[in-house]
Amino acid sequence: MTSPSLASVFVRSDRMVGRQVADEFILVPLVGRGADVDSILNLNRVGTFIWEAIDGQRDGAAVVAALVERFEVDHARAVHDYLEFVGKLVSLRALRVVGPNAGDKPDYS
Amino acid sequence: MSDPMTAGASFRVQVFRECLSVFPEVTFTVTGQCMRPDLAEGDRVVVVGPDRKRPRLGDVVLTRRGDAMRLHRLVWKPPLAGSRAAWRTKADRATSLDPALSAADVIGTVAAVEGRTYGRRPGRALLSLLEAVVARAAHGGERAPASP
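The listed protein sequences derive, respectively, from chains P and S. For what it's worth, the numbering used here labels the leading residue of the first sequence as 1, then goes sequentially. For what it's worth, the numbering used here labels the leading residue of the second sequence as 1001, then goes sequentially.
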């Protein structure tokens, strides 16, 4: 697929599990019957917020709006961070697109 | 926003313990050559927690010492469950035993190596223990470690 856009709606993959460990939030890839500890991702607060906001219903624009409200970051920065982060998660197959514009070109507006 | 797990070693130990409490097994890549030929750098091992597989002599176990973790062979453990006596591990290619540890320091046991057959080697544990005893004797070292 092409890069994600703000119109894309994502759902979290069943092969990636989020866990809170101590004060950190990690994404654990599943392999076989367990966890692949080599590929664990350590998320910061923004990453954790985005991960938890992705619910298979809200599109990127809605997640970015929530991001702006929660972290008082400017919109352009939030869009950039969101698309970059989501792109990385897609490349790791931690997310998959469920609609409606899975094939759109990147939207950095 | 996201990084491969680069946090401190102590956190890494917590992550291993958490994963082993939640999942039946964890998989990771071996680093170092101290367990060759049984385990080589780059091997992907499957580790299970002590609740699912009780470590036995000859198993390769994942242990913690301070913030460090290592995969070494269990060469001595108290014969009675619940004993507070020390457990001992050793790298196959080392001549000396690792510092004594307790059952609580054992995070898990290697159950499999991806892509090939793997099994416990009690004979290798005895040989390893003997090597350590001989090495200590040869160097006029401390008391033999077979009775830690």
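Positions of the beta carbon are idealized from the N, C-alpha and C atoms, including for glycine.
Proximal residues of chain S, C-beta to C-beta of residue i below 9 Å
i     : result
V79/P : In chain order: nothing, as chain S lies at least about 13 Å away.
R33/P : F1023, P1024, E1025, V1046
Which listed residue (the options) has its alpha carbon closest to that of residue i
i       : options                            : result
R1065/S : P1050/S, R1056/S, S1010/S, L1130/S : S1010/S
I26/P   : L43/P, F10/P, D14/P                : L43/P
F1016/S : D14/P, D36/P, G32/P                : D36/P
A1100/S : V1045/S, T1089/S, K1053/S          : T1089/S
M1035/S : A1135/S, A1085/S, R1121/S, V1133/S : R1121/S
S1102/S : L1127/S, E1025/S, A1112/S, S1083/S : S1083/S
G1049/S : T1027/S, G1119/S, V1134/S          : T1027/S
A1137/S : R1054/S, T1095/S, G1032/S, M1069/S : T1095/S
F85/P   : I50/P, D23/P, V17/P                : I50/P
R1012/S : D1067/S, D1043/S, H1139/S          : D1067/S
L1074/S : L1127/S, Q1014/S, A1135/S          : L1127/S
H80/P   : V64/P, D38/P, F10/P                : V64/P
Amino acids of chain S, ordered along the chain, whose beta-carbon sits closer than 8 Å to that of residue i
i     : result
D36/P : V1026, T1027, F1028
R96/P : Within 8 Å Cβ-Cβ: nothing; R96/P doesn't reach chain S, min ~17 Å.
V21/P : F1011, Q1014, V1015, E1018
Contacts that residue i makes with chain S (C-beta to C-beta distance below 7 Å)
i     : result
R70/P : Simply none; closest approach about 14 Å.
V28/P : C1019
One or two residues paired with residue i in a DSSP bridge
i       : result
D1038/S : DSSP lists no partner for D1038/S.
V1106/S : T1063/S
F10/P   : V97/P
L1101/S : W1087/S
T1029/S : R1044/S
R1073/S : V1060/S, K1090/S
V17/P   : V28/P
Residues of the stretch 1009 to 1040 of chain S with a CB closer than 8 Å to any CB of chain P: list them in chain order, please. F1011, Q1014, V1015, F1016, E1018, C1019, V1022, F1023, P1024, E1025, V1026, T1027, F1028, T1029
Could you name the residues of the stretch 43 to 66 of chain P whose beta carbon sits closer than 7 Å to any beta carbon of chain S, in the order they occur along the chain? L43, N44, V46, G47
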